[in-house]
Amino acid sequence: MEILKGKAHNKSLLGTANSMPPQSLPLGRENMNKTEITTMSEFILEIESLAQKTTYAEDRPIYEKLLAQSAKLIAKLINKQPIGDDIASMERLFGNTWFKDTTSYSKAYGAWDRFKELFSRSIHGMTVNERLFNLGLLNEFDAAVAKKDKARLRAVLFKCFLDEENIQAIIVSEIK
Numbered sequence: 051m052e053i054l055k056g057k058a059h060n061k062s063l064l065g066t067a068n069s070m071p072p073q074s075l076p077l078g079r080e081n082m083n084k085t086e087i088t089t090m091s092e093f094i095l096e097i098e099s100l101a102q103k104t105t106y107a108e109d110r111p112i113y114e115k116l117l118a119q120s121a122k123l124i125a126k127l128i129n130k131q132p133i134g135d136d137i138a139s140m141e142r143l144f145g146n147t148w149f150k151d152t153t154s155y156s157k158a159y160g161a162w163d164r165f166k167e168l169f170s171r172s173i174h175g176m177t178v179n180e181r182l183f184n185l186g187l188l189n190e191f192d193a194a195v196a197k198k199d200k201a202r203l204r205a206v207l208f209k210c211f212l213d214e215e216n217i218q219a220i221i222v223s224e225i226k
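Each residue of the sequence shown is one higher than the one before, starting from 51 at the first, in the numbering used here.
1) Which residue from N146, F211, L212 and V222 puts its Cα closest to that of V195?
2) Under the rule that 16 or more other beta-carbon atoms within 10 Å means buried, what is S156, buried or exposed?
3) Can you confirm whether the stretch 182 to 197 touches the stretch 145 to 162 when touching is taken to mean that 3 or more C-beta pairs between the two stretches lie within less than 8 Å?
4) For F250 and T104, what's the separation of their Cα atoms in angstroms?
5) If contacts are defined as beta-carbon pairs under 8 Å, then I187 and C210 qualify, I think. What distance do you get, rounded to the angstrom?
6) Give the DSSP-derived three-state secondary structure of Q131 in the structure shown.
7) How would you label L95, buried or exposed, when you count the other beta carbons within 10 angstroms and need 16 or more for buried?
8) E214 to F208, Cα distance in whole Å?
9) For L117 and I133, which I take to be in contact (beta-carbon distance under 8 Å), what is that distance rounded to the nearest angstrom?
10) So the alpha helix (DSSP H) I220 belongs to, where does it begin and stop?
11) What does the alpha-carbon distance come out to for the pair N129 and L185?
12) G160 to T85, Cα distance in whole Å?
13) Applying the criterion that 16 or more other CB atoms from any shown protein chain within 10 Å of the CB defines a buried residue, is E92 buried or exposed?
14) From E167 to L212, what distance separates their C-alpha atoms?
15) Under the criterion of a Cβ to heavy atom distance below 7 Å, does I173 qualify as lining the ligand ADP?
16) Specify, as a first and last residue, the run of the alpha helix (DSSP H) that L155 falls within.
In structure tokens form, the structure reads like this:
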């Protein structure tokens, strides 16, 4: 058993996401933070550029929402605060809004996807406990387990960039 923040978690199941070959391990966390900030800055610049060029008034409020969410995210990256919920919020924003200009949507989401992919790679070598801690999701995880709330637990684990097989194994292990 691994103890993290006063909670005991089964390390063998929670460590199953740690399966990258050694040559693919992420850069040091400090270097990754700088790279994440740079990539998020590039995303913001892309959104600003698209917002300035748009001829569709309907798209402007969407760009404003994306920029507002991005401002929160980059501030947290700079201050080395957890961003798990912020990534999920940005995903919901992209999933629940529709640009009139589909080409611009593709460019905007492509820039977001580059950030998300980089972030995903930076945590890929971490155990699930480390991911929960670094993403600021430990309390949410523990609350879902305590309430035996499978749907909430699934949502928390999904924010940790886990595949369905690992999510299901952890749910079975944690909620008996």
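Quick reminder that beta carbons are idealized off the backbone N, C-alpha and C, glycines included.
Taking the definition as stated:
1) Residue mapping note: residue 195 aligns to position 145 of the sequence shown, counting from 1. With distances taken between Cα atoms, V195 lies closest to V222.
2) Sequence index remark: in the sequence shown, residue 156 carries index 106 (1-based). Flag for S156 reads exposed.
3) no
4) Summary: the structure shown does not reach residue 250, with the chain confined to residues 51 through 226, and so no result is reported for it.
5) Translated into the one-based positions of the sequence shown, residue 187 becomes position 137. Translated into the one-based positions of the sequence shown, residue 210 becomes position 160. Going by the sequence as given, residue 187 is Leu instead of Ile. With a Cβ gap of about 7 Å, L187 and C210 count as contacting.
6) In the sequence shown, residue 131 corresponds to position 81, counting from 1. Looking at Q131 - three-state DSSP - the assignment turns out to be coil, as it is neither helix nor strand.
7) Position 45 of the sequence shown, counted from the start, is the residue given in the question as residue 95. Result: exposed.
8) Here residue 214 refers to the residue found at position 164 when the sequence shown is read from its first residue. Here residue 208 refers to the residue found at position 158 when the sequence shown is read from its first residue. Answer to the nearest angstrom: the Cα atoms are 8 Å apart.
9) Here residue 117 corresponds to residue number 67 of the sequence shown, with the count starting at 1. Here residue 133 corresponds to residue number 83 of the sequence shown, with the count starting at 1. Wrong, their Cβ atoms sit about 16 Å apart, outside the cutoff.
10) Residue numbering aside, residue 220 sits at position 170 when the sequence shown is read from its first letter. Start and end: E214 to E224.
11) Here residue 129 refers to the residue found at position 79 of the sequence shown. Here residue 185 refers to the residue found at position 135 of the sequence shown. Answer to the nearest angstrom: the Cα atoms are 13 Å apart.
12) Sequence index remark: in the sequence shown, residue 160 carries index 110 (1-based). Sequence index remark: in the sequence shown, residue 85 carries index 35 (1-based). Roughly 17 Å separates the two Cα atoms.
13) For this step, residue 92 is matched to residue 42 along the sequence shown. Per the 10 Å Cβ criterion, exposed.
14) Numbered from its first residue, the sequence shown carries residue 167 at position 117. Numbered from its first residue, the sequence shown carries residue 212 at position 162. Taking the straight line joining both Cα atoms gives about 13 Å.
15) In the structure shown, the ligand ADP is absent, as is every other ligand, since no ligand is present at all.
16) The residue you call residue 155 lines up with position 105 of the sequence shown. The sequence shown places Tyr at residue 155, rather than the Leu named in the question. Its alpha helix (DSSP H) spans residues T152 to I173.
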